[in-house]
Structures are given as structure tokens and as C-alpha cells.
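What follows is one structure encoded as C-alpha cells, with my remarks underneath.
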Amino acid sequence: MEDIFDTSLNLEETHLKEGFDDGYKDGLIAGKEEGRQVGLKLGFEAGEELGFYRGCVDVWKSVIRVDPTRFSDRVQKAIKQMSELIENYPVMNPEDESVQEIMDSLRLKFRGISASMGVKLDYNGYPKSFSGAKEIF
Amino acid sequence: MKSSLAEELYSESLKLSKRELDSSSSAENKVSDIQDSERDHSLHEDDYFWDGSDQKLEKSSDLDRDWQRRREQFHTIGYRDGIIAGKEATVQEGFNIGFQESVSVGYRWGIVRGVTSALAILPDALKEKLIDTEERRTEFKKLHESTRSLSTTDALKLFNDAVVAKKSTEKGESSEVSSHEGDHHQQRSEQKQLESYHEELQSLILKSPQIKIQSP
Numbered sequence: 001m002e003d004i005f006d007t008s009l010n011l012e013e014t015h016l017k018e019g020f021d022d023g024y025k026d027g028l029i030a031g032k033e034e035g036r037q038v039g040l041k042l043g044f045e046a047g048e049e050l051g052f053y054r055g056c057v058d059v060w061k062s063v064i065r066v067d068p069t070r071f072s073d074r075v076q077k078a079i080k081q082m083s084e085l086i087e088n089y090p091v092m093n094p095e096d097e098s099v100q101e102i103m104d105s106l107r108l109k110f111r112g113i114s115a116s117m118g119v120k121l122d123y124n125g126y127p128k129s130f131s132g133a134k135e136i137f
Numbered sequence: 001m002k003s004s005l006a007e008e009l010y011s012e013s014l015k016l017s018k019r020e021l022d023s024s025s026s027a028e029n030k031v032s033d034i035q036d037s038e039r040d041h042s043l044h045e046d047d048y049f050w051d052g053s054d055q056k057l058e059k060s061s062d063l064d065r066d067w068q069r070r071r072e073q074f075h076t077i078g079y080r081d082g083i084i085a086g087k088e089a090t091v092q093e094g095f096n097i098g099f100q101e102s103v104s105v106g107y108r109w110g111i112v113r114g115v116t117s118a119l120a121i122l123p124d125a126l127k128e129k130l131i132d133t134e135e136r137r138t139e140f141k142k143l144h145e146s147t148r149s150l151s152t153t154d155a156l157k158l159f160n161d162a163v164v165a166k167k168s169t170e171k172g173e174s175s176e177v178s179s180h181e182g183d184h185h186q187q188r189s190e191q192k193q194l195e196s197y198h199e200e201l202q203s204l205i206l207k208s209p210q211i212k213i214q215s216p
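As they're listed, the protein sequences go chains A and B.
FYI, full-length UniProt numbering numbers position 82 of the first sequence as 82, with every residue one higher than the one before it.
FYI, full-length UniProt numbering numbers position 23 of the second sequence as 23, with every residue one higher than the one before it.
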């Protein structure tokens, strides 16, 4: 009885271990694919928002070139800061801890700039819904 | 007495493993399906094992089956823990791969959104300074309208379709994709649609020297 009980415990451990190893192998594949799907979505969204700000900043910079007095010094400074923030965004390194901080600063500056221009310019994509946006000038 | 204790112990752990198995992936469910059908029996035969330990030689084939069931049962419990541990080990890596795969596509698409949106709200006098001809201003306006009509979710779907289509083409299974696509657009144009917005913007900007865009 003692021996059987011992054997039984050892076998249980062996079976647990075998199960674990099989599961681990499947998990490695499943985890990578699940992670990739989430990464595809979040990467696209982050890229879109960043590209949106880049596009706006580039247009504003072009405006400053053809009409240097159009924007106040304060707005011009903010545009320059946005430009730097975008350049410093670690696009290829989503694990970088500064990612969220930079995006938050960008959103704040963007709102500040569009407010001082007297326009309502919204980022139409994520996270806002497109239908909520109105453009007035 | 023994049997009710054993039943209680095992039913508890079986309930636990069943619940967790049900909530996880299909790979596990395959295992649990086999187990489900045998669970009720195995409970009783567990009792038999305990009671019949004094006649073990006669019951050797029952015991074999019993070991087999217990093997499967412990294998399943181990599998459940293993798949969680395996996923944890690779999910971040997968996330980074996906992120890097999509971020540039999203970025180029976002630039189209940004440039055309920022231009659209400029006063006409300023627009005329930046874009020389009425014709070109109209082209920018049209591009803005078509990008506006696409939400991020729509754009993401176009991108996903392109990823799936690319993968299938690599595997030589493009026919499978086209069968469930094509509600609004043809599959080929879907693949290129997001990129085509960016190409259109690039060509408009090339013709508008006052607007300078940093290359992505």
C-alpha cells in the first residue's frame, strides 16, 4: 500500500509535469499570436494619432513660413514643442516607459494650440469618434 | 465514509479545473472534452479504487484504466498551468512584433488625416497662399472628405484585411480571403486603399511647394 501510494504520487507529478510541458509549448505559440493581434491594433492606433499630429504640425509650420505673424509667439513655441515631442516618440519601442507621457503632452499641446487659434480641430480618429467632430473657421 | 470524502475532494478540484478550462482557449477544450465525458465514471471508479485495494491483483485491468484516467486528469491540470505560463512568456514579444508591424502604416495614414484636417480649417486667404490653384485646393478638400468618412476602426479594418490578405497570399490561399471580403470594395483595392491615400497626399504635396512635410 505504501509503495503504491508513493508510486501514485510520483506518477501524478510526472503527469502534471507532462501536461505542463505540453501546455507550455502550445502557450508559447498562442501567446505570441494573441500578443501580436493586440499589438497590431494598438500600434495602428498609436501610429495614426502620432501621424495626425505630425500632419497638423507640418501644415502649421508651412503656415508660419508663408505668414510668420499669423500665430503668436506662444503658439509658435507650442508648435515647435509638439514637433520635438513627435520626433522623440519611441515609435518602434512600445515598451518604453515614456510613451504614455509623450502622448499625453502631445494631446495637451494640441488642444492648447487649436484653442488659441480659435478653431475647433479634433483628432477624429481614436479615441474620439469621427461623428463628434465639427470644424469651424 | 471514505468514498464521500474522495468524491468531495475530487468534485471540488474537477469543478475548478472545468471552470477554468471552459474560459480558456480551444486547445485546452479539446482535452477537457475528453475528460468531461469520463468524469462521472471516474469519480465512482476512484471510490472503487479506494475500497478495492485489498483485491488489487484481480482488478488490474480496472486499475490500468483508472491510471489512464488519472493520467489524463493530472495532465489536464498541468496543461492548464502550462499554457498560462507559456503565454506569459511570449505575449509581450508578440505584442511588440504586431506593434512594429502596424505603427508605420497607421502613422502614414494619420499624416493624411492630419494634413488634410489642418488645411481644411485654415481661412481661405491662407489656403491660397499655401496652395496655388483652385483645382489643387479642391483635390485636397476631396482627400479630406474621403479620409474623414473613415473612422479609425474602419481604417484598422482595412489594415487588418491587408494583413490577412498578405498572409494568405504568402501561403497561396488568396481565394479563401476573397470569398469573405468585398462587401463595399474589391479585395485588391482594399489592400491598397490606406496606402493609396498616402500616395495621393504625397503627390498633392509635391505639386504644392509651400507645404513641406517631414518624410515619415
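All residues carry an ideal CB built from backbone N, CA and C; glycine is no exception.
For clarity, every value in this text was computed on a predicted model and none was experimentally measured.
Supposed contact pair residue j and residue i - C-beta distance, whole angstroms, cut 8 angstroms
i, j, result
"Lys-110 (chain A)", "Tyr-79 (chain B)", "Correcting the residue type first, residue 110 (chain A) is Phe in the shown sequence and not Lys. Between Tyr-79 (chain B) and Phe-110 (chain A) the Cβ distance is about 49 angstroms, and since that is not below 8 angstroms, they are no contact."
"Arg-65 (chain A)", "Ile-86 (chain A)", "At roughly 18 angstroms, the Cβ-Cβ gap does not stay under 8 angstroms, so Arg-65 (chain A) and Ile-86 (chain A) are not in contact."
"Gly-47 (chain A)", "Val-105 (chain B)", "7 angstroms"
"Lys-214 (chain B)", "Asp-58 (chain A)", "In the sequence on display, residue 214 (chain B) carries Gln and not Lys. Right, the Cβ-Cβ distance comes to about 6 angstroms (below 8 angstroms), so this counts as a contact."
"Leu-201 (chain B)", "Val-103 (chain B)", "With 8 angstroms as the limit, Leu-201 (chain B) and Val-103 (chain B) do not qualify as a contact, their Cβ atoms being about 18 angstroms apart."
"Phe-52 (chain A)", "Leu-156 (chain B)", "The Cβ separation is near 14 angstroms, so there is no contact."
"Val-91 (chain A)", "Ser-116 (chain A)", "No, Val-91 (chain A) and Ser-116 (chain A) are not in contact; Cβ-Cβ is about 28 angstroms, not under 8 angstroms."
Cβ of residue i within 8 angstroms of any chain B Cβ
i, result
"Ala-46 (chain A)", "yes"
"Val-99 (chain A)", "no"
"Gly-112 (chain A)", "no"
"Ser-62 (chain A)", "yes"
"Asp-58 (chain A)", "yes"
"Ser-129 (chain A)", "Legend: pLDDT at Ser-129 (chain A) = 34, less than 50; position of this residue unreliable, value from coordinates given subsequently. Chain B contact via Cβ: present."
"Asp-73 (chain A)", "no"
"Ala-30 (chain A)", "yes"
"Met-92 (chain A)", "yes"
heavy atom of the ligand MG below 7 angstroms from residue i C-beta
i, result
"Thr-133 (chain B)", "Summarising the ligand content, the structure contains no ligands, and the ligand MG is consequently not present."
Selected residue, minimal CA-CA separation from residue i, among the options
i, options, result
"Leu-150 (chain B)", "B:Arg-113, B:Ile-83, B:Asp-64, B:Lys-127", "B:Arg-113"
"Lys-129 (chain B)", "A:Asp-67, A:Arg-74, A:Val-99", "A:Asp-67"
"Met-39 (chain A)", "B:Arg-65, B:Thr-147, B:Glu-93, B:Ala-165", "The sequence given here has Gly at residue 39 (chain A), not Met. The shortest Cα separation from Gly-39 (chain A) among B:Arg-65, B:Thr-147, B:Glu-93, B:Ala-165 belongs to B:Glu-93."
"Ala-30 (chain A)", "B:Phe-95, B:Phe-99, B:Gln-68, B:Pro-209", "B:Phe-95"
"Arg-70 (chain A)", "B:Phe-99, B:Leu-126, B:Val-91, B:Ser-203", "B:Leu-126"
"Lys-207 (chain B)", "B:Thr-133, B:Asp-154, B:Arg-148", "B:Thr-133"
"Lys-61 (chain A)", "A:Leu-50, A:Ile-79, A:Gly-118", "A:Ile-79"
"Arg-148 (chain B)", "B:Leu-119, B:Asp-161, B:Arg-71", "B:Leu-119"
"Asn-88 (chain A)", "A:Lys-77, A:Met-103, A:Arg-107", "A:Met-103"
"Gly-86 (chain B)", "A:Ser-72, A:Leu-28, A:Thr-7, A:Asp-73", "A:Leu-28"
"Leu-158 (chain B)", "B:Asp-66, B:Gly-82, B:Lys-192, B:Ile-131", "B:Lys-192"
C-alpha distance - residue i paired with residue j, whole-angstrom precision
i, j, result
"Glu-84 (chain A)", "Gln-100 (chain A)", "15 angstroms"
"Glu-34 (chain A)", "Glu-101 (chain B)", "14 angstroms"
"Cys-56 (chain A)", "Ser-117 (chain B)", "7 angstroms"
"Pro-94 (chain A)", "Arg-136 (chain B)", "38 angstroms"
"Ser-105 (chain A)", "Ile-84 (chain B)", "36 angstroms"
"Trp-109 (chain B)", "Leu-194 (chain B)", "6 angstroms"
"Asp-199 (chain B)", "Ser-146 (chain B)", "A small correction: the amino acid at residue 199 (chain B) is Glu; Asp does not occupy that position in the sequence shown. Those two C-alpha atoms are separated by around 14 angstroms."
"Leu-42 (chain A)", "Val-63 (chain A)", "32 angstroms"
"Ile-113 (chain A)", "Pro-123 (chain B)", "16 angstroms"
"Leu-11 (chain A)", "Gly-98 (chain B)", "41 angstroms"
"Pro-209 (chain B)", "Ser-203 (chain B)", "11 angstroms"
"Lys-166 (chain B)", "Gln-37 (chain A)", "15 angstroms"
"Leu-50 (chain A)", "Gln-68 (chain B)", "57 angstroms"
"Lys-32 (chain A)", "Thr-90 (chain B)", "5 angstroms"
"Thr-153 (chain B)", "Asn-160 (chain B)", "10 angstroms"
"Arg-65 (chain B)", "Ser-8 (chain A)", "14 angstroms"
Neighbour flag for residue i against chain A, beta carbons, 8 angstroms
i, result
"Lys-207 (chain B)", "no"
"Ala-165 (chain B)", "no"
"Ala-162 (chain B)", "no"
"Thr-133 (chain B)", "no"
"Ser-61 (chain B)", "no"
"Arg-137 (chain B)", "no"
"Glu-8 (chain B)", "Because Glu-8 (chain B) carries a pLDDT of 43, less than 50, the predicted location of this residue cannot be relied on, and no value is offered for it."
"Leu-143 (chain B)", "no"
Are the segment 15-30 of chain A and the segment 134-147 of chain B in contact at 8 angstroms, needing three or more beta carbon pairs?
no
Contact the segment 7-18 of chain A vs the segment 69-78 of chain B: 3+ CB pairs below 8 angstroms:
yes
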